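Adding 816 to a residue's 1-based position in the sequence shown gives its number in this note's numbering.
Beta carbons: idealized from backbone N, C-alpha and C, even for Gly.
As the structure is a prediction and not an experimental result, all values here were calculated from the model.
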Amino acid sequence: MTLVHLEGTFEDFIASELIQRGWILGDPKDWNRDIALDTPQLFGFVEDSQPKRWSKLAGIHGAKLHERFLARLLKELDSRGTLDVLRHGITDYGVPIRLCYFRPAHGMAPEALSLYEKNRLVVAQQVHFDPKSEQSVDLILSVNGLPVATCELKSQTSGQTVENAMYQYRHDRDPKLPLFSFKKRALVHFAIDADLAYMTTRLAGTSTHFLPFNRGQRTSGGHTAAGNAPNPSGHRTAYLWEEVWERDSWLDILERFIHLEKLDSELDGTRVSKESLIFPRFHQLDATRALVAHARDHGPGHNYLIEHSAGSGKSNTIAWLAYHLSSLHGSDDTPIFDSTIVITDRRVLDKQLQDTIYQFEHKAGVVQPIDKDSDQLAAAMTAGTKIIITTLQKFPFILKKIQTLGARRFAIVVDEAHSSQTGEAARTLKRILAPAGEAEQEEDAPDGEDELVKDVQAVGKLAHVSYFAFTATPKAKTMALFGEKQEDGGYRPFHTYSMRQAIEEKFILDVLQNYTTY
């Protein structure tokens, strides 16, 4: 059995699994390798989903409709990138054309749901991507004719692993070719074998940097380690095609997770701007979705502890969570929370949250940083600002004004729970968010984490407030305040990305490796 045949079996299996989950099997011959687009799927989607607009363009362009529309689309892809084009469409001679429809936040828009179902998610195998050679990539995942992901697969039974797939991307995939051009075509590239998965959003030859995209696995000691646990019903990496690439999941990732991060800096007096395409690591995606699902099913009034180690990408996870909570609707199509308040002392997170969420919403005013006084915060909450960023120290100034707003439902996302949710500050925050007229009887107590248990006993849970507390190193009292109580009386985090996993995945260093007692 040849190596190609062994890999082909794995490839066929994944493609068949995707087809069972709402994908269409594409024809590799439909791919135009010069421009890296599946033009039959592209034109078919636009004509099927927007017949009146397509007919109007036909009246403008006549026999050159396809040629001129493609020219316009290619110009937009080169200047704005695939992600922005999918989210916001293009305009051709004054006619707006959507390139993707995303699921509406609630069920009160049947027309929007019908258009969402018209999306064409296509998996194509062995696609030739180079106009000058017959090289092919194992899988291309596309949406309405636009490539969004490429995959190189390896089978251990052939003697090759995920390392060989990463080598292939670094040495045999030219980042200057249209399909692999940063942000202009495929957004992410996966290297996969039966046990492990890695991904990158920028091919850069031998300098290409891959990030692990693995679930982690429980050790005998109950800790989370790198890699993937054995899967009794299939491959260890089956979560990719069964969960992550599932049709609704994949469209959700394109709409509400991937974002373009722009960092400005100065080099020898010259302003330099660098772009990075951020694709969620598995634990970030998993934590956000698990938290949102629980909040949707159970409503406000719950505490969540998210124990994510240094190196976990906590800032991005907080941004994704805040955005998802701000637009979360229940089964009755009403919002779960009136406002999401992010409490942080990091100014960099302020800007990151605003920049990230602006890409999703594409409008100002969704995020309001509180950098002035109590009037500013009261105005933001009165106006129904979806996401408010503040520091705990500002809350005492607005106690009286906030009580006039009546009972509101709040999601409180706390950055580094154990350092900010302590003592008098925590009690002040809970008093501020209590419904108008609700009296709280509690004695003055000294500040400090030692008073956390007393704070919980004195105040208790508020039915209209949920806490989402992030910390890398939860103390016992933090765990008791925000963690989930177990049958044995102990507590555990709602979600964990352990220090061990971060070390094994090489996001942080093991400081004990060179530790010497003296």
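Taking 9 Å as the cut-off, the Cβ atoms of residue 935 and residue 885 do not count as close. When beta bridges are read from the DSSP output, residue 944 appears opposite 952.
For residue 1184, the enclosing beta strand (DSSP E) starts and ends at 1183-1185. Runs of the beta strand (DSSP E) spanning 3 or more residues and lying entirely within the region 946-1024 occur at 952-959, 962-969, 1004-1008 and 1013-1016, in chain order. Per the C-alpha coordinates, the member of 865, 858 and 894 positioned closest to residue 883 is 858. The C-alpha of residue 913 is placed about 52 Å away from the C-alpha of residue 1307. For residue 1063, there is no enclosing beta strand (DSSP E); the residue is found in the alpha helix (DSSP H) stretching over 1063-1072. DSSP places residue 855 in the helix class (H, G or I) of the three-state scheme. Restricting attention to beta strand (DSSP E) runs no shorter than 3 residues, the region 1051-1130 encloses them at 1075-1083, 1086-1094 and 1119-1124, ordered along the chain.
Residue 1284: member of the beta strand (DSSP E) spanning 1281-1287, first to last residue. In the displayed model, residue 1298 falls within a helix according to three-state DSSP. Rounded to whole angstroms, the Cβ separation of residue 1053 and residue 1008 is 6 Å, and the two are in contact under 8 Å. Here the alpha carbons of residue 1186 and residue 956 stand approximately 44 Å from one another. A distance below 6 Å between beta-carbons, with the five flanking residues on each side excluded, links residue 1138 to the following residues of its chain, in chain order: 1156, 1158, 1203 and 1229.
A residue is called buried once 16 or more other Cβ atoms fall within 10 Å of its Cβ, and residue 1322, having fewer, is exposed. Going by C-alpha positions, residue 918 is about 34 Å away from residue 1298. Counting along the chain, residue 1313 sits inside the beta strand (DSSP E) bounded by residues 1311-1313. Under DSSP, residue 1307 forms a beta bridge with 1301. In this structure the region 866-885 does not touch the region 977-996; the number of beta carbon pairs closer than 8 Å is below three. Proximity to residue 992 across 845, 1063, 1114 and 852 peaks at 852, based on C-alpha coordinates. Taking the Cα positions, residue 1131 is about 19 Å away from residue 1143. Under the three-state reduction of DSSP output, residue 1034 falls in the strand class. Counting along the chain, the unbroken alpha helix (DSSP H) around residue 926 starts and ends at 926-932. Of the candidates 1316, 1320 and 1232, 1232 places its Cα closest to the Cα of residue 1291. Following the DSSP letters along the chain, one finds residue 898 inside the alpha helix (DSSP H) bounded by residues 898-904.
By the criterion of a C-beta distance shorter than 7 Å, residue 1320 is surrounded in its chain by 1041 and 1042, once the five residues flanking it on both sides are discounted. Short of 6 Å from the beta carbon of residue 940, and not among the five residues preceding or following it, lie these beta carbons of its own chain, in chain order: 842, 844 and 956.
Across the structure, residue 856 and residue 864 are spaced so that their CA atoms are roughly 12 Å apart.
In this structure, residue 1125 sits near residue 1318, with a CB-CB distance shorter than 9 Å. Spanning the alpha carbons of residue 943 and residue 1016 requires a straight line of approximately 19 Å. Residues 1032, 1039, 1040, 1041, 1123 and 1125 of the same chain have their beta carbon placed closer than 8 Å to that of residue 1314, with the five preceding and five following residues left out of the count. Take residue 1102, set aside five residues on each side of it, and the residues of its chain with a beta-carbon closer than 8 Å to its own are 1031 and 1311, in chain order. For residue 876, the enclosing alpha helix (DSSP H) starts and ends at 867-877. For residue 1231, no alpha helix (DSSP H) segment is defined; the enclosing uninterrupted segment is the beta strand (DSSP E) at 1226-1231. DSSP, read as helix, strand or coil, puts residue 882 in helix.
The continuous alpha helix (DSSP H) containing residue 1190 extends over residues 1190-1198.
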